[in-house]
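Visitor: Chains X and D, in that order, are what the protein sequence lines are.
Mapping of the first sequence onto full-length UniProt numbering: position 21 corresponds to residue 21, and the numbering continues sequentially without gaps.
Mapping of the second sequence onto full-length UniProt numbering: position 188 corresponds to residue 188, and the numbering continues sequentially without gaps.
2 protein chains.
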Amino acid sequence: MSEATPELAFGELTEVVAFLMEIDKLKSIQRRTKVLGTQRQENTAEHSWHFAVGVMALAPYAGDKVDINRVVQMALVHDIVEIDAGDVLVYDLAGRAAVHAREEAAAERLFGLLPEPQRGHFHQLWLEYEAGETPNAQFALMLDRLMPVLMNLHNRGQSWVENGIRLEQVLSRNAFIGDVYPALWEHLKRHLDAAHQDGWLK
Amino acid sequence: MSEATPELAFGELTEVVAFLMEIDKLKSIQRRTKVLGTQRQENTAEHSWHFAVGVMALAPYAGDKVDINRVVQMALVHDIVEIDAGDVLVYDLAGRAAVHAREEAAAERLFGLLPEPQRGHFHQLWLEYEAGETPNAQFALMLDRLMPVLMNLHNRGQSWVENGIRLEQVLSRNAFIGDVYPALWEHLKRHLDAAHQDGWLK
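Following this line, the structure appears as structure tokens:
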């Protein structure tokens with residue numbers, strides 16, 4: 001089979017092309033959630049697409065303080081660090097804390113492949129998302145949490161059941177959704193309670 | 001295993017959630033290009049992510065007439081119709097012509113799952129991309145062509161070799177890149193010629 005191709009020259013685009021080929025690896029980072037109706041785990045690249053389209057689809061409910069275009073870009077960039085740092089389940093609190101330094105180093109290396117001004121732009125988007133303080137970052141974080149909750153609600157709690165996650169963990173780790181979008185959280189809680197009553201969410 | 005979950009109520013978000021769960025199917029639409037360094041074909045959801053990040057990474061070279069945020073959104077939406085219409089290889093000219101009516105029906109059905117104003121917004125993005133006339137659509141089409149060419153150049157022509165595609169087809173079907181970004185096309189032609197000399201692109 002083929003050997004790895006040495007970096008190809010593309011003039012002013014040489015670094016950009018090298019970056020785009022490097023981030024192809026995000027398609028091989030596995031998450032716990034499975035694609036609906038299949039036994040295949042979704043990867044972080046396709047999750048990032050789904051999340052970004054979710055931002056577009058929820059735009060009318062975001063309020064005036066949210067810049068939808070910036071949140072779309074945040075969704076596209078937010079998990080690129082997983083190429084070096086891996087995906088850690090949102091319910092794995094110790095793992096989440098431990099991975100932070102690895103993610104910072106990953107951001108330096110990966111966004112550092114780009115020339116300026118793209119390097120600074122991508123890195124700033126990631127830092128804003130990680131800090132979680134601006135209305136844009138809060139809307140992004142809300143949706144990043146929401147997507148796997150919705151997928152689980154439509155798939156009889158697949159990743160919760162497989163990872164032994166219980167109702168109280170789902171409620172406590174996702175209560176942030178209610179801080180950003182209270183009406184949505186009321187609906188989610190109702191479906192989560194129903195899932196618990198049905199017995200497929202312990 | 002689980003049965004399909006009936007549509008869940010989410011108040012003003014009920015239709016949006018149903019749309020987001022339906023488009024999960026884009027993760028199961030296979031393209032011909034393989035993820036670099038693997039034997040797995042990429043799917044259209046992860047391609048759409050890669051394409052959208054490519055738009056962001058090439059933003060400084062796009063010129064004043066291109067609205068990068070709109071092109072990013074176009075990239076995210078452009079292939080959702082493949083859920084109903086399937087992916088057709090860019091070199092399959094008869095297939096491309098035949099699929100157009102199926103894609104129009106797919107756009108009606110899929111974007112029609114959304115409420116307004118999202119429905120109209122998504123549909124307009126897709127129509128603008130398909131028409132290929134605005135600077136935004138031309139930049140998007142250029143990048144959609146560019147991504148698999150770059151991946152093939154970094155993977156010894158994997159999808160070209162597997163589908164019997166020859167140098168003259170790659171040149172003629174992708175010359176549009178040169179209309180939008182002449183300097184980039186010069187670099188690509190040089191690498192394509194070198195691939196032909198090396199013997200892995202016939």
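Heads up, the beta-carbon is just placed ideally off N, CA and C, and yes, glycines get one too.
Quick caveat: nothing in here was measured; it's all calculated off a predicted structure.
Give the list of continuous alpha helix (DSSP H) stretches no shorter than 4 residues that lie fully inside the stretch 112 to 169 of chain X.
Guide: Entirely contained in the stretch 112 to 169 of chain X, the alpha helix (DSSP H) runs reaching 4 residues are, in chain order, 118 to 131, 135 to 153, 158 to 162.
Visitor: Just the Cα atoms here: how many angstroms apart are X:Phe19 and X:Leu26?
Guide: In the first sequence, residue 19 of chain X corresponds to position 19, counting from 1. In the first sequence, residue 26 of chain X corresponds to position 26, counting from 1. Their backbone Cα atoms lie some 12 angstroms apart in a straight line.
Visitor: Identify the continuous alpha helix (DSSP H) that holds D:Glu22 and give its terminal residues.
Guide: Along the second sequence, read from residue 1 onward, the residue named residue 22 of chain D stands at position 22. D:Glu22 -> alpha helix (DSSP H) spans 14 to 22.
Visitor: My understanding is that X:Ala85 touches X:Ser48, with C-beta atoms under 8 angstroms, so please give their C-beta distance in whole angstroms.
Guide: Here residue 85 of chain X refers to the residue found at position 85 of the first sequence. Here residue 48 of chain X refers to the residue found at position 48 of the first sequence. The Cβ separation is near 15 angstroms, so there is no contact.
Visitor: Could one say the Cβ of X:Ala107 lies closer than 8 angstroms to chain D's Cβ atoms, at least one of them?
Guide: Numbered from 1 along the first sequence, position 107 holds the residue referred to as residue 107 of chain X. No - not a single Cβ of chain D is within 8 angstroms of the one on X:Ala107.
Visitor: X:Val72 and D:Gln73: beta carbons closer than 8 angstroms?
Guide: Indexing the first sequence from 1 puts residue 72 of chain X at position 72. Indexing the second sequence from 1 puts residue 73 of chain D at position 73. Yes.
Visitor: In three-state terms, what does DSSP make of D:Thr44?
Guide: The sequence position of residue 44 of chain D within the second sequence is 44, counting from 1. If DSSP states are grouped into helix, strand and coil, D:Thr44 belongs with the helices.
Visitor: CB D:Glu82 to CB D:Thr44, shorter than 8 angstroms?
Guide: Position 82 of the second sequence, counted from the first residue, corresponds to residue 82 of chain D. Position 44 of the second sequence, counted from the first residue, corresponds to residue 44 of chain D. The answer is yes: Cβ separation under 8 angstroms.
Visitor: Please classify X:Glu186: is it buried, with 16 or more other beta-carbons within 10 angstroms of its beta-carbon, or exposed?
Guide: If you number the first sequence from 1, residue 186 of chain X lands on position 186. With fewer than 16 other Cβ atoms within 10 Å, it is exposed.
Visitor: Label D:Glu46 either buried or exposed according to how many other C-beta atoms from any shown protein chain fall within 10 Å of its C-beta, with 16 as the threshold for buried.
Guide: Against the second sequence, residue 46 of chain D aligns to sequence position 46. When all chains shown are included, D:Glu46 counts as buried.
Visitor: What does a CB cutoff of less than 8 angstroms around D:Met56 pick up in its chain, not counting 5 residues either side in sequence?
Guide: On the second sequence, position 56 is the one that residue 56 of chain D refers to. The answer, listed in chain order, is Ile68, Val72.
Visitor: According to DSSP, X:Lys34 sits in a beta bridge with which residue or residues?
Guide: Here the question's residue 34 of chain X lines up with position 34 in the first sequence. According to DSSP, X:Lys34 bridges with X:Gln41.
Visitor: Contact criterion: CB-CB distance below 8 angstroms. Does X:Gln138 meet it with respect to chain D?
Guide: For the purposes of this step, residue 138 of chain X is taken as the residue at position 138 of the first sequence. False, the Cβ-Cβ gap to chain D never drops below 8 angstroms.
Visitor: How is D:Asp198 classed by DSSP in three states: helix, strand or coil?
Guide: Counted from its first residue, the second sequence places residue 198 of chain D at position 198. Here D:Asp198 sits in helix by DSSP.
Visitor: Do you know how far the Cα of X:Trp200 is from the Cα of X:Val161?
Guide: Position 161 of the first sequence holds residue 161 of chain X. Position 200 of the first sequence holds residue 200 of chain X. Rounded to whole angstroms, X:Val161 to X:Trp200 spans 7 angstroms at the Cα level.
Visitor: Using only the alpha-carbon positions, how far apart do D:Gln138 and D:Val180 sit?
Guide: Position 138 of the second sequence holds residue 138 of chain D. Position 180 of the second sequence holds residue 180 of chain D. Spanning the two alpha carbons is a distance of roughly 7 angstroms.
Visitor: Buried or exposed for X:Asp193, please, with buried defined as at least 16 other CB atoms from any protein chain shown within 10 angstroms of its CB.
Guide: For the purposes of this step, residue 193 of chain X is taken as the residue at position 193 of the first sequence. X:Asp193 comes out exposed.
Visitor: In whole angstroms, what is the alpha-carbon distance linking X:Leu8 and X:Thr14?
Guide: For this step, residue 8 of chain X is matched to residue 8 along the first sequence. For this step, residue 14 of chain X is matched to residue 14 along the first sequence. For X:Leu8 and X:Thr14, the distance between alpha carbons rounds to 7 angstroms.
Visitor: Under three-state DSSP, which class holds X:Lys25?
Guide: Here residue 25 of chain X corresponds to residue number 25 of the first sequence, with the count starting at 1. Here X:Lys25 sits in helix by DSSP.
Visitor: Does the distance between the C-beta of X:Ala105 and the nearest non-hydrogen atom of the ligand GDP fall short of 7 angstroms?
Guide: The ligand content of the structure shown is nil, which means the ligand GDP is not present either.
Visitor: Which stretch, first to last residue, makes up the alpha helix (DSSP H) that contains X:Val72?
Guide: Taking the first residue of the first sequence as position 1, residue 72 of chain X is located at position 72. Taken as a continuous stretch (DSSP letters only), the alpha helix (DSSP H) holding X:Val72 covers 68 to 77.
Visitor: Beta carbon of D:His50, beta carbon of X:Asp198: below 8 angstroms?
Guide: Here the question's residue 50 of chain D lines up with position 50 in the second sequence. Here the question's residue 198 of chain X lines up with position 198 in the first sequence. Not in contact: D:His50 and X:Asp198 (Cβ atoms no closer than 8 angstroms).
Visitor: Do you know how far the Cα of D:Val16 is from the Cα of D:Pro115?
Guide: Taking the first residue of the second sequence as position 1, residue 115 of chain D is located at position 115. Taking the first residue of the second sequence as position 1, residue 16 of chain D is located at position 16. Going by the C-alpha atoms only, they are around 7 angstroms apart.
Visitor: Would you kindly work out how many angstroms separate the C-alpha atoms of D:Leu89 and X:Val66, rounded to a whole number?
Guide: Taking the second sequence and counting its residues from 1, one reaches residue 89 of chain D at position 89. Taking the first sequence and counting its residues from 1, one reaches residue 66 of chain X at position 66. When rounded, the distance between both Cα atoms is 38 angstroms.
Visitor: Under 8 angstroms, do D:Gly54 and D:Leu143 count as touching if we go by C-beta distance?
Guide: Indexing the second sequence from 1 puts residue 54 of chain D at position 54. Indexing the second sequence from 1 puts residue 143 of chain D at position 143. A contact, by the Cβ cut-off of 8 angstroms.
Visitor: Counting contacts by CB-CB distance shorter than 8 angstroms, is X:Met74 in contact with chain D?
Guide: Taking the first sequence and counting its residues from 1, the one referred to as residue 74 of chain X is at position 74. Taking Cβ atoms only, chain D never reaches closer than 8 angstroms to X:Met74, which makes this a no.
Visitor: Along the chain, where does the alpha helix (DSSP H) that runs through D:Ile177 open and close?
Guide: Start at 1 with the first residue of the second sequence, and residue 177 of chain D comes out as number 177. Run containing D:Ile177: 176 to 180, per the alpha helix (DSSP H) assignment.
Visitor: For the stretch 23 to 38 of chain D, which residues have a CB atom closer than 7 angstroms to at least one CB atom of chain X, in sequence order?
Guide: Result list: Ile23, Asp24, Lys27, Ser28, Val35, Leu36, Thr38.
Visitor: Using a Cβ-Cβ cutoff of less than 8 angstroms, which residues in the same chain neighbour D:Ser2 once the five nearest sequence positions on both sides are dropped?
Guide: For the purposes of this step, residue 2 of chain D is taken as the residue at position 2 of the second sequence. Because the pLDDT at D:Ser2 is just 43, under 50, the model does not fix this residue reliably, and the point stays unresolved.
Visitor: Under a three-way DSSP split, which group does D:Ala62 fall into?
Guide: Reading the second sequence from its first residue, position 62 is the one you call residue 62 of chain D. The answer is coil: DSSP assigns D:Ala62 none of H, G, I, E or B.
Visitor: So, D:Pro60 versus X:Gln118, is the Cβ gap smaller than 8 angstroms?
Guide: Within the second sequence, residue 60 of chain D is the residue found at index 60, counting from 1. Within the first sequence, residue 118 of chain X is the residue found at index 118, counting from 1. Yes, they are a contact pair.
Visitor: Can you tell me the Cα-Cα spacing of X:Lys189 and X:Ser172, whole angstroms?
Guide: Here the question's residue 189 of chain X lines up with position 189 in the first sequence. Here the question's residue 172 of chain X lines up with position 172 in the first sequence. Straight-line Cα distance between these residues: approximately 11 angstroms.
Visitor: Kindly say whether D:Phe10, judged by its beta-carbon, lies nearer than 8 angstroms to any beta-carbon of chain X.
Guide: Indexing the second sequence from 1 puts residue 10 of chain D at position 10. Taking Cβ atoms only, chain X reaches closer than 8 angstroms to D:Phe10, which makes this a yes.
Visitor: Between X:Met21 and chain D, is the shortest Cβ-Cβ distance under 8 angstroms, so that the two count as touching?
Guide: Here residue 21 of chain X is taken as the residue at index 21 of the first sequence, counted from 1. Answer yes: the Cβ-Cβ gap between X:Met21 and chain D drops below 8 angstroms somewhere.
Visitor: Taking a Cβ distance cut-off of 7 angstroms, strictly less, list which residues of the stretch 104 to 131 of chain X are near chain D, in chain order.
Guide: Within the stretch 104 to 131 of chain X, the qualifying residues are Leu114, Pro117, Gln118.
Visitor: DSSP three-state label for D:Asp84, please.
Guide: Taking the second sequence and counting its residues from 1, the one referred to as residue 84 of chain D is at position 84. Reduced to three states, the DSSP call for D:Asp84 is helix.
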